[in-house]
Structures are given as structure tokens and as C-alpha cells.
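Residue numbers (the working numbering): 5 to 412. Each residue gets a CB set at the ideal place from its N, CA and C atoms; glycine is no exception. Since the structure comes first, as C-alpha cells, the remarks are kept for the end.
So this is what it looks like as C-alpha cells:
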């Protein structure tokens, strides 16, 4: 039975502007502002930074399922401004409090505020050429997470206050941009009861049993790097702040330039092959960084190669996940799947901070590298039928046929 539900069509440019501002602030906060401000200004430990980052992603993960449910049902008129208010409150709590609880509470508020924006983007994925569309979204995302830490690093010479006001300005701009979103375009969607949704999601979670190890491990491997990346670049690689900023820019450029081409290649070549190739490349480059101290020029090349390798993984993996998302409940389904992935990003920073405190930053990098190697082996031996859920290939053929009929 079909009923009229009011959902909202976002102009792509405006939505990307909101996503850019949100992830710019989040990445600048997690990769640069929080580690530097907590250790150098507030006198906190790297382990506490790792805990704060983990709790940030714990809050992000826990709120996604709830946010996805409401995105399928209610107006975004109140939701988008609320997200920016929460993020601003989190930044203020960190900056204006010299206590550990303020740092942790601020990180949590930032995670809650940033959570729904990503789900809104994923809801807009069309069912054809999934990997290519994922590549476009990740291009904007990686541009924001690359520029965020770089721009904040450039303000540190003048102190932490200019960095704080830069982040506040971006949040204000994103909030203003969100009001330009068209909130009046209705679509006809299936009105699915909560019990029916729960049953459908349960079936998809059963399909996920072969994907769960990869979902959790790959986010854990990435999360390991968050609390230690700035200090690893300075202490092990011997980079200055401008060189570290350049390294981040080149890594982001390597991903941004190749995300869309890699997404298209994954649609044609196969998602399994791209996942294996991407994780093998990540393992090799991280090993070269961990076991040697390359000159700055070679370090920049390695950073670019890491971004290139990452561009092979992201669109292919999210295209695989998109097969599990029903058209009639995208927000809820993406919320659940993002929540499962979030388990890895929750525990990764805690492990990374603990390993770095007990041993060295290089040990944390090596741990992340080992997880990447395990993932490459896992996807290599995993049958294609286990990677793409039952019916996924057939459904994709139907979607392509339907698209061809519309075009003709």
C-alpha cells in the first residue's frame, strides 16, 4: 500500500556545501585541533585524546539508528539547525573548559551533531551506478577532511583562538546554507510499520554475517590512527607543521582525484577485486612508512599513494553495503549499517592511544597496518557470492534495465 509521505529533495550543490562544512569542522577538530589543544594547551594525555575520539564516534554511532528512523518520517526543518547548534556547543565546551570532562563532553556533542548529515547524503544515492555515486560523495567528503586539518594547522602559529573561530565560522556558514535546502518536494514512498522495518532489517543483518568482520576491522584500522597521526608525523617522520599540512593535502588529493574513476572501475571490474587491491596497497605503503624514515619528498609521495589506495576501497565497499538498503527505508537502514561500522571507529582510537602510550606511535601504525593486511586476505578468500548479498546482482541488472527503458 502506497501513501504520501513528505520527504525532501536536496539540491546537490547545497547538500554538498552542508556536508563539506560539517566534515571540515569534524576532521579539523579530530585530526588537529583536539590532539594539539588537549596536549599542548590543556596538559592532557594522548590516552585521554584517544578516549575522547572514541566517545565522539560512540555518540555518532548510537545516534545514527535513531536519526535514520526520524529521517524516514519527519521534517528536517528542525533537525539541520539542531545539528549545527550541537556541534557549536561541543566546540565551545572543549575550548572554554580546561578540564578533562569538558574535552570529553565536547567531543560527544560534536559526534551527535555531525551524525545525521552523512545519512542524508546516503539517502540520496540512486540505485544505478552505486560505486560511481559513492565516489562523488566521498570526493566532497575527502576534500573537506583534507582541507580541515590543513587550514587549522596554518592558524596554530597565531594561537588556538584563531583556529577555534575558523571552525565556528564554518559551522555558521553550513547552518545558513542548510536553510536554502528545498524542503517542499514530496515523493511517494511506502509507509512501512516499525514491526515490518524491524523484520526487514533483521533479514539484512543475517545477510551481513560475512561482511561484519570487514565492517568492524577496517574502521578499527582507520580509528587507530586518529589520536597519534600528528605526533607520528612530527616525531617519527620529522615533519614540520607546514610539511604535515602538505602531507594531508597530498593524501586527500590522491583520494579526491581518483574516487570517481575508481568507483566507475569498481562498477565494471568488480567490488571484490577493488577491495583486495586497495587493502594490499594500503598495507604496503603503511609498512614503508612504519619501518623507515623516508625523506620528506618520498613521504609526500607515500601520502599521495595512501590516498590513491583509499580511493579504491571507499566507493567499492559502500556500493556493496548499498545492496542491503531497501528503497522504502533508506534512512533507517543506513543508520543501522553506519552504526555497525561505528563499532570499529569507537574502539580504534582507544586502542591506538593506549598502544602509543604504552609503546610508540610506530607500534600503533604497525597495528593498523596488520589489520589492513588481514582485511586484504579476508576479501581475497571470501567468495563473491558472500560479498554481494543474495539477489544483489539480479537487482542491479533490473535497475540497469529500468534505467535503459527510461532513457529510451
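Open item on the list: Assuming residue 231 is part of the alpha helix (DSSP H), what are its boundary residues?
Closed with: Unbroken run through residue 231: none, as it is neither H nor E.
TODO: Taking only the alpha-carbon atoms, compute the straight-line gap between residue 64 and residue 94 and give it to the nearest angstrom.
DONE: 13 Å
Open item on the list: For residue 124, count the other beta carbons within 10 Å of its own beta carbon; 16 or more makes it buried, fewer makes it exposed. Which is it?
Closed with: buried
- [ ] Flag this pair as yes or no: are the beta carbons of residue 159 and residue 166 separated by less than 8 Å?
- [x] yes
Open item on the list: For residue 459, report the span of its alpha helix (DSSP H) as first-last.
Closed with: Given a span of 5 to 412 for the chain in the structure shown, any question on residue 459 remains unanswerable.
Open item on the list: Taking the alpha helix (DSSP H) that residue 162 belongs to, which residues open and close that run?
Closed with: That residue, residue 162, is in no alpha helix (DSSP H); it is neither H nor E in DSSP.
Open item on the list: Using only the alpha-carbon positions, how far apart do residue 256 and residue 359 sit?
Closed with: 26 Å
Task: Coarse secondary structure for residue 296, derived from DSSP in three states - done: coil
TODO: Report the three-state DSSP secondary structure of residue 360 (helix, strand or coil).
DONE: helix
TODO: Tell me whether the beta-carbon of residue 369 lies closer than 8 Å to the beta-carbon of residue 290.
DONE: yes
Task: Run of the alpha helix (DSSP H) containing residue 87, from where it starts to where it stops - done: 83 to 100
TODO: With a cut-off of 8 Å on the beta carbons, I'd call residue 366 and residue 240 a contact; round off their distance for me.
DONE: 6 Å
Open item on the list: For a test of the three-state rule: what should DSSP assign to residue 49, helix, strand or coil?
Closed with: coil
TODO: For residue 58, collect the residues of the same chain with a Cβ closer than 7 Å to its Cβ; drop the 5 residues on either side in sequence, then sort them by chain order.
DONE: 350, 351, 353, 354
Open item on the list: Between residue 110 and residue 253, how many whole angstroms is the CB-CB distance? I'm expecting something under 8 Å.
Closed with: Going by Cβ atoms, the distance from residue 110 to residue 253 rounds to 27 Å, so no, they are not a contact pair.
Open item on the list: The alpha helix (DSSP H) that contains residue 103, what's its start and end?
Closed with: Neither: residue 103 is in no alpha helix (DSSP H) and is coded neither H nor E.
- [ ] Would you mind reading off the limits of the alpha helix (DSSP H) that contains residue 384?
- [x] 365 to 385
Task: Cα-Cα separation between residue 385 and residue 270, rounded to whole angstroms - done: 18 Å
Task: Own chain, CB closer than 7 Å to residue 177, minus 5 neighbours either side, in chain order - done: 25
- [ ] Please report how far the alpha carbon of residue 162 lies from the alpha carbon of residue 373, in whole angstroms.
- [x] 35 Å
TODO: Could you round the C-beta distance between residue 348 and residue 155 to whole angstroms and report it? I think they count as a contact, below 8 Å.
DONE: Contact doesn't hold; Cβ gap of about 28 Å is too wide.
Open item on the list: Distance check for residue 379 and residue 286, CA to CA, integer angstroms please.
Closed with: 10 Å
Open item on the list: My output table needs one value for residue 216: the three-state DSSP class, helix, strand or coil.
Closed with: helix
TODO: Thinking residue 164 and residue 88 are a contact (beta carbons under 8 Å), I'd like their distance in whole angstroms, please.
DONE: About 21 Å separates the two Cβ atoms, so there is no contact after all.
Task: Nearest-angstrom beta carbon gap, residue 310 and residue 227 [assumed within contact, 8 Å] - done: The Cβ separation is near 16 Å, so there is no contact.
- [ ] Answer yes or no: do residue 319 and residue 267 have a C-beta to C-beta separation smaller than 8 Å?
- [x] yes
- [ ] Closer than 7 Å by C-beta to residue 170: which residues in its own chain qualify, once you throw out the five before and the five after it? Chain order, please.
- [x] 155, 156, 159
- [ ] Would you identify the three-state DSSP class for residue 19, choosing helix, strand or coil?
- [x] helix
Task: Pick from 29, 62, 233, 357 that is closest to residue 175, judged by C-alpha positions - done: 29
Task: Spatial distance of residue 147 from residue 37 (CA atoms) - done: 18 Å
Task: residue 183 (DSSP reduced to helix, strand or coil) - done: coil
Task: residue 44 burial status per 10 Å Cβ neighbour count (16 or more: buried) - done: exposed
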